[in-house]
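Quick note on numbering: numbering that gives the first Met the number 0 labels position 21 of the sequence shown as 20, and the sequence is numbered without any gaps.
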Amino acid sequence: MKYRIPTFLRLMACLGLLALGGCMTQPTHAPDSRTAVIVPDSGALTSQRVFVTLLTTLAERGFIIDRADPDLERLDASFAARPPLMLEAWVSEVNGQIRLSVTGDSNGADIAPGRLDNLLVDVAIALNARTVPVIGVP
């Protein structure tokens, strides 16, 4: 005697496979990242001042500041666009140099060329300083 699977069970199995297939996501690439040393043209510069200037620059550009920790000098910001842009940024002092690092992710989509670089330059201009790119450092 042949055993036959009821139509209802076959239908449920097909719907289950379709539901699982809808959960698949596209492969994504690594987030873009930039690090630069902020060099003042004159006078002294503190990492706290760089952090506040970064926060102000992002707000002026229309970013929503999701989290900002002035003690750790780290912030998370997002920009409501299609696709959305999420940024992580932090300021650190290494060997007497102030470094500003920014990592951006756009849900796997490419970020416009120069967008992160332009942000670093705008922060430096607001501080009357210049940027020196750091190669190979996250």
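Yeah, the Cβ is synthetic: ideal placement off N, Cα and C, and Gly gets one too.
Query raised in the report: Whose C-alpha, out of GLY42, ILE97, LEU126 and MET85, is nearest the C-alpha of ASN106?
Result: MET85
Report task. Just the C-alpha distance for ILE124 and PRO112, rounded to the nearest angstrom, thanks. Result -> Taking the straight line joining both Cα atoms gives about 20 Å.
Query raised in the report: What are the boundary residues of the beta strand (DSSP E) that PHE78 is part of?
Result: 73-78
Query raised in the report: So who's on the other strand from GLY103, going by DSSP bridges?
Result: Beta-bridge partners assigned by DSSP to GLY103: ASP31 and LEU86.
Requested in this report: Between the Cα of GLY42 and those of ALA58, PRO82, LEU126 and ALA108, spot the shortest distance and give me the residue it belongs to.
Outcome: LEU126
Query raised in the report: If you draw a straight line from the alpha carbon of VAL122 to that of VAL49, how long is it in whole angstroms?
Result: Those two C-alpha atoms are separated by around 8 Å.
Query raised in the report: Less than 7 Å separating the beta-carbons of ILE37 and ILE134?
Result: No, the Cβ-Cβ distance between ILE37 and ILE134 is not below 7 Å.
**Report entry** Opening and closing residue of the alpha helix (DSSP H) in which ASP68 lies
**Finding:** Counting along the chain, ASP68 falls outside any alpha helix (DSSP H), though it belongs to the beta strand (DSSP E) covering 63-68.
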